[in-house]
Amino acid sequence: MLEMILAVIIGIIAGTITGLIPGLHINLVSLLLFVSAGFFLEFTTPIILGIFIITMAITHSFLDFLPSIFLGAPDEATALSVLPGHRFLLKGQGYGAIKLTTIGCFLGVIIAFIITPLFIFLSPHFYPYLNKIIPFLLIFISILLIIKENKKIPALFIFLFSGILGYLSLNLTIIKQPLFPLFTGLFGSSLLTISFIQNVKIPKQKIKKINIKKTETVTGILSSIFSSSLVSFVPGIGASQAAAISASIKKMNEKTFLLLLGIINTMVMILSFVSLYSINKPRTGVAVFVGKLLPSFSNSNLWTFLIIALIVAIIALFLTLFFAKIFSKNISKIKYKWLCLGILIFLFILTPIISGPASLLILIAGTSLGILTSVLGIRKIHMMGALILPVILFYFL
Amino acid sequence: MQKRLFQISIITLFVSLIILTIFSLTLEPKITPISKIERKNLDEFIKIKGRIEKITKINTTHENITILKIRDKIYTIETIFYKDLDSSCNDVEIIGKVSEYENKLQIEAKKIKCLK
């Protein structure tokens, strides 16, 4: 028991650190842990290591939105929150944006907990069929997203070129962790570059409540249950595609969208453990690692993890809001232009270290595409072609 | 300003995409001897060269999987390929990602070149 509590405490500290570092994806952290698992297993058991991993992953999922919204430096899972989050920040409501994603994350854990029995029952029946329809569903979603856009040709251009960039990045065998430069470029450094050029000034942040209508909350919950459950069955697609699916189903305002991103982020994470148990297929890097640590992942393992996720979610909720207050109080004191430049330099140094020197080209191409999307005045979601198109091609080629 | 930003971005995009295409067509990882594949290579792309010692094909309604046992000198490694493979191949060059299955390292092949 003491070992378990210690694993949770260390997991929360680790998840807080990884969540606050700009651009750092939880899969990368999992990989590093996996490589060093032999060392850790000398001191503890696989289940305790598993508890540490899920605690870190849940805490990371909550805090991950802070660098994304306040610093414009997201990872794959939080990429779509950058623009709506940035708009809130420019209105002095960065804290409100974080509150929405944090409430979303917390709701995601609760919903995942509630739907788990149903998911366990249904997933073995649905899995074989969903795997077959997913490429067609993705094509349908892509068409729907473009049709709904006012500027259809530029949207198609961004979607296709993001897809080409994604395909090249994922197939370039000399690059490690290709999603890091890809998403940093498309959603992070592009926004930072624009903020730097336009000399954006961050107003004093107000720490106040943001009201969201009950109908909007219900919309966010329902569409995220649908999309998160769907992507949890299927390989190669994750939280960001789930958000694209939800956005294509129903047009929603920015508040609902931020709430939805939070729900999806934690739901996809938790349902990946449920998939590991019900269909023996882990769907996130973290679940892959836990599956390897605990090859016979049992029902009691799953429920232990779910209960711990619920407890950690409560702590992570307060922790995220605490850090959001610190960010809010200090962000307007800093010269934002130079903060952007500092983060840009950091990302340009970090990218070749993580992914190799050639990955700088992906970062540059992604940044250009992100800037083009802003200049053309179309939604950032079309850049999800970077993942959607390669998945479609994987099924058909 | 917007026009200038648009022009610079579009030129940078096309130039970097062209270079990336050239890289993806020409650059490959160096050949790694099977004996040198370690856990630290997990999730990395590597290239191996060897002889097919055993070939197992699994064809289900959902997917076609080919599992190859590759030998170079005295060491062997299992390679999983999510496509069908020409059975007449003996010597192959494989580019793939190192992964782990049931506590053993394996390669998830992306490209298999039949040498003879």
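Residue numbers (this note's numbering), protein chains in the order written: chain P, 1 to 397; chain S, 1 to 116. All C-beta atoms in this analysis are idealised placements derived from N, C-alpha and C, irrespective of residue type, glycine included. Remember, it's a predicted structure, so these values are computed and weren't measured experimentally.
Here the C-alpha atom of residue 217 (chain P) lies approximately 9 Å from the C-alpha atom of residue 255 (chain P). Residue 68 (chain S) carries a strand assignment under DSSP once its states are collapsed to helix, strand and coil. Per DSSP, residue 82 (chain S) is not a residue of any alpha helix (DSSP H), being assigned neither H nor E.
Taking CB atoms only, residue 24 (chain S) has a neighbour in chain P less than 8 Å away.
In terms of CA proximity to residue 89 (chain P), P:258 leads the group P:226, P:152 and P:258. Between residue 42 (chain S) and residue 100 (chain S), the CB-CB gap stays under 8 Å.
For residue 184 (chain P), the closest C-alpha among the options P:370, P:379 and P:385 is that of P:370.
Cβ neighbours of residue 164 (chain P) within its own chain (closer than 8 Å, five residues either side excluded): 389. For residue 90 (chain P), no chain S residue has a Cβ inside 8 Å of its Cβ, as the nearest lies near 18 Å away.
A residue is called buried once 16 or more other Cβ atoms fall within 10 Å of its Cβ, and residue 295 (chain P), having fewer, is exposed. Think of a sphere of 8 Å around the beta carbon of residue 184 (chain P): no beta carbon from chain S falls inside it, the nearest being about 14 Å out. Listed in chain order, the non-local C-beta contacts of residue 70 (chain S) below 6 Å within the same chain comprise 50, 77 and 79, local neighbours out to five positions each way being set aside. Contact between residue 248 (chain P) and residue 141 (chain P) holds, with the beta-carbon distance rounding to 5 Å and staying under 8 Å. Neighbours of residue 18 (chain P) across chain S, judged by C-beta separation under 9 Å, do not exist; the nearest C-beta is about 17 Å away. Of the candidates P:339, P:277, P:386 and P:368, the residue whose Cα lies closest to the Cα of residue 4 (chain S) is P:368. For residue 106 (chain S), the beta-bridge partners assigned by DSSP are S:78 and S:99. Assignment of residue 105 (chain P) by DSSP, reduced to helix, strand and coil, places it in the helix class. In the three-state scheme derived from DSSP, where H, G and I count as helix and E and B as strand, residue 176 (chain P) is classed as coil.
In chain order, 203, 204, 205 and 206 place their CB closer than 7 Å to the CB of residue 92 (chain P), counting only its own chain and leaving out the 5 sequence neighbours on each side. The Cβ atoms of residue 45 (chain S) and residue 358 (chain P) lie no closer than 8 Å to each other. Nearest Cα to residue 37 (chain S) within the set S:111, S:116, S:102 and S:97: S:97.
In the structure shown, the three-state DSSP call for residue 43 (chain P) is coil. The beta-bridge partner set that DSSP reports for residue 72 (chain P) is empty. Per DSSP, residue 187 (chain P) lies in no alpha helix (DSSP H) segment and is marked neither H nor E.
DSSP, reduced to helix, strand and coil, places residue 50 (chain S) within a strand of the structure shown.
Boundaries of the alpha helix (DSSP H) harbouring residue 24 (chain S): 2-26, taken from the DSSP string. Cα atoms of residue 396 (chain P) and residue 84 (chain S): separation of roughly 14 Å, rounded to the nearest angstrom.
Contact annotation: residue 374 (chain P) and residue 94 (chain P) have beta-carbon atoms that are not nearer than 8 Å. Using a C-beta cut-off of 8 Å, the stretch 96-112 of chain P makes contact with the stretch 261-268 of chain P, since at least three inter-stretch Cβ pairs fall below that distance. For residue 279 (chain P), there is no enclosing alpha helix (DSSP H), as DSSP marks it with neither H nor E.
In the DSSP assignment, residue 22 (chain P) falls outside any alpha helix (DSSP H), carrying neither H nor E. In the structure shown, the three-state DSSP call for residue 217 (chain P) is helix. Between residue 109 (chain P) and residue 310 (chain P) a beta carbon distance of about 6 Å is seen, short of the 8 Å cut, so the two are scored as contacting.
Pairwise C-beta distances place the stretch 347-357 of chain P out of contact with the stretch 129-148 of chain P, as fewer than three of them are shorter than 8 Å. Among the residues facing chain P, residue 28 (chain S) is included, as its CB has a counterpart in that chain under 8 Å away. Not a single C-beta of chain P is nearer than 8 Å to the C-beta of residue 106 (chain S).
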